[in-house]
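45 is the number that UniProt numbering gives to position 45 of the sequence shown; each next residue is one higher, with no gaps.
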Amino acid sequence: MKIHLKDICHLAERVEGNAENAVISAVTKDTRNVSPQSLYVPIAGERFDGHNFLLDAIKKGSVASLWKQGTPVPEGLPEDFVLLMVEDTVLALGHIAKWYLKKVHPVVIGVTGSNGKTTVKDMVESVASTTFATFKTQGNYNNHIGLPLTILSMEETTEVLILEMGMSGFGEISYLSKLAEPDVAIVTNIGESHMEQLGSREGIAKAKLEIKDGLKESGLLVVDGDEPLLKNQKGDNVLSVGFSTEASFHITSIESGTDGFTFQLEEGTTVYKVPVLGKHNVKNAAYAIAVAHYLNIEENKINEGLNSLNITNMRLQASRGRGGALLINDAYNASPTSMMAALETLAGLEGFERKVAVLGDMYELGSMEEEMHRKVAQKAGVGIDIVITVGPRASWIADELEKTGSDSLKVYAFPAKEDAASLLSQLMDKKTAILFKASRGMSLETLVNEFSADEQETKK
């Protein structure tokens, strides 16, 4: 990235310093990440105000900074340092990102949804990168600060940009979409995350569909064709993806194996292979194929991309644990929909004598949290041998299973993950598969790490 500072001065209310010869090669809000020739973006938060760390940014090589008007400027700034005075540094960051996006002019793919958006982002990137120079959202940079920073991190040679769009309330996706102006907008599904803030699944659908607000007039909207709250989206520029025959992008001929799935689309003859666990990932792959068709990527390249997937950690991530046990780390986050999908994946695994589900609390479900946890028990009691719950909310799953589960199902409820470790240590053998699933705040991956096979055991 290379931006001549004088080219973005018009986005500021006024400029202090000489921007004529200044060049910036990075943009950051965190002084820990400042590199030479950086533009520093101070953000005032609840606990810290980035304006207080300007001198630290300068010491590390920052040549310019956004600056909220009315905020005292520290003394002793270098003579050649430039301040871009603005009313709001966050909004100004968005304006600069939009300017840079128009300069680079890549095809923009926007991805939102209650579950699966990170996996779909990864799949789209893997397929698109077989043919185009691509860039995607890194980590969880998917909000009003992270998305513009993602845009400002891409190289000027980028041809396809894949942006994940997250939200916790109304209006947030709309802002992101209007900033990014996607050519393709994907809504992966509607779950129960953020029920507390949005009130209902209908409210969640409304918030997710705000991604249409910035969609280019000639753009393509891709939605979950199996979701009643989405499949009513109609139009020449709407594509529905699903297992239902009503879906315009109908998935057929699904076959599972120990190394993933193969499937076809009703409209074609290509057999696609996706080397990841979970039938829901077949649909995620179909979203990527829909984007590939929009980009006119050849079929052999699509399969090449799907077969070289590099999925973000803690998304049905399989590894070997102590004693050869299969550990399935799906602990990045959880909603009722994603937890039930993960349980279905565990139940469908072949070649294991014992299947264990370690389930933790799910957050942000509002007044429906008990009902939603108990609903998960319907899946947890099918095709699974042992259910271990961790946390006060997850205990509702255990309670429901005690009432409705089969006699052969063993159920254990623990108040904290540390309490579950002793039991898990007794289950580690090569005939056992263990799923770990909970909301992010539970940090259930610490159990996965604790029981992962050490280097010496892996070599045996």
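Heads up, the beta-carbon is just placed ideally off N, CA and C, and yes, glycines get one too.
These numbers come from a predicted model, not from an experiment.
Straight-line gap, residue i to residue j (C-alpha atoms, nearest Å)
| i | j | result |
| --- | --- | --- |
| Asn189 | Thr446 | 28 Å |
| Glu299 | Glu369 | 44 Å |
| Phe451 | Ser248 | 44 Å |
| Lys283 | Val160 | 21 Å |
| Val90 | His4 | 20 Å |
| Lys375 | Thr245 | 27 Å |
| Asp399 | Asn140 | 34 Å |
| Ala433 | Pro275 | 18 Å |
| Ser35 | Arg47 | 24 Å |
| Asn307 | Asp80 | 50 Å |
| Asn143 | Gly441 | 18 Å |
| Lys59 | Pro74 | 14 Å |
| Ala394 | Gln37 | 49 Å |
| Ala57 | Ile96 | 19 Å |
| Gly260 | Thr345 | 11 Å |
| Gly191 | Thr337 | 6 Å |
| Glu156 | Thr150 | 13 Å |
| Thr458 | Ala318 | For Thr458, the predicted structure reports a pLDDT of 44, less than 50, and the residue's modelled location is therefore unreliable. A value from the coordinates is still provided. So the two alpha carbons sit approximately 14 Å from each other. |
| Val104 | Ser425 | 53 Å |
| Glu455 | Asp429 | Because the pLDDT at Glu455 is just 42, under 50, the model does not fix this residue reliably, and the value given afterwards should be weighed accordingly. Taking the straight line joining both Cα atoms gives about 16 Å. |
| Ile145 | Gly94 | 8 Å |
| Ala19 | Ser65 | 11 Å |
| Ala180 | Gly219 | 12 Å |
Sub-8 Å separation of residue i and residue j beta-carbons
| i | j | result |
| --- | --- | --- |
| Val120 | Ile186 | yes |
| Leu444 | Lys417 | yes |
| Thr28 | Phe53 | no |
| Val387 | Ala380 | yes |
| Leu163 | Gly110 | yes |
| Gln69 | Val86 | yes |
| Leu316 | Ile328 | yes |
| Gly383 | Ala420 | no |
| Ser253 | Phe243 | no |
| Ser230 | Met1 | Reading the sequence as shown, one finds Leu at residue 230 and not Ser. For Leu230 and Met1, no; Cβs fall outside 8 Å. |
| Ala92 | Val63 | no |
| Gly366 | Glu196 | yes |
| Ser200 | Val223 | no |
| Ala331 | Ala453 | no |
Residue span of the alpha helix (DSSP H) that contains residue i, given as start and end
| i | result |
| --- | --- |
| Thr446 | 445-451 |
| Gln378 | 369-380 |
| Gln317 | That residue, Gln317, is in no alpha helix (DSSP H); its beta strand (DSSP E) goes 317-320. |
| Asn260 | Contrary to the premise, residue 260 reads as Gly rather than Asn in this sequence. Looking at the DSSP string, Gly260 is not in any alpha helix (DSSP H); the run it does join, the beta strand (DSSP E), is 260-265. |
| Ala341 | 336-348 |
| Lys231 | Note, Lys231: premise wrong, no alpha helix (DSSP H); not H, not E. |
| Ser177 | 172-180 |
| Gly146 | 146-151 |
| Leu365 | Run containing Leu365: none; DSSP gives neither H nor E here. |
| Ala57 | 54-59 |
| Gln197 | 195-198 |
| Asp122 | 117-128 |
Residues near residue i in its chain [Cβ-Cβ closer than 7 Å; skip 5 each side]
| i | result |
| --- | --- |
| Leu215 | Ser177, Pro182, Ala185, Leu221 |
| Thr118 | Glu164, Thr312, Arg315 |
| Asp7 | none |
| Ser193 | Ser114, Ser335, Glu364 |
Which residues DSSP lists as bridging residue i, in chain order
| i | result |
| --- | --- |
| Gly110 | Leu163, Ala185 |
| Asp49 | Ala44 |
| Thr252 | Gln264 |
| Ala357 | Val387, Leu435 |
| Tyr272 | Phe263 |
| Ala413 | Thr389 |
| Lys136 | Ile162 |
| His293 | The partner list for His293 (beta bridge, DSSP) is empty, contrary to what the question assumes. |
| Ile8 | DSSP output for Ile8 lists no bridge partner at all. |
| Arg14 | Met85 |
Residue range of the beta strand (DSSP E) that includes residue i
| i | result |
| --- | --- |
| Lys29 | No beta strand (DSSP E) holds Lys29; DSSP gives it neither H nor E. |
| Met85 | 82-86 |
| Lys437 | 432-437 |
| Ala19 | Element bounds for Ala19: n/a, residue is neither H nor E. |
| Ile328 | 326-329 |
| Leu221 | 220-224 |
| Leu66 | 62-68 |
| Leu239 | 238-242 |
Minimum Cβ-Cβ distance from residue i to chain C less than 8 Å
| i | result |
| --- | --- |
| Ile328 | No chain C appears in the structure shown, which is made up of a single protein chain. |
Contacts around residue i, its chain only, beta-carbon distance under 6 Å, and the 5 residues preceding and following it disregarded
| i | result |
| --- | --- |
| Glu16 | Leu83 |
| Lys208 | Thr112, Val187 |
| Phe135 | Met154, Thr158, Leu161 |
| Gly50 | Pro42, Ile43 |
| His280 | Ala341 |
| Val124 | Ile109, Ile162, Ala288, Val291 |
| Pro148 | Leu93, Gly94, Ala97 |
Own chain residues within Cβ distance below 8 Å of residue i, not counting five before or after
| i | result |
| --- | --- |
| Thr258 | Glu350, Gly351 |
| Leu427 | Ala325, Arg354, Val356, Ile386, Ile434 |
| Lys212 | Ser177, Ala185, Leu221 |
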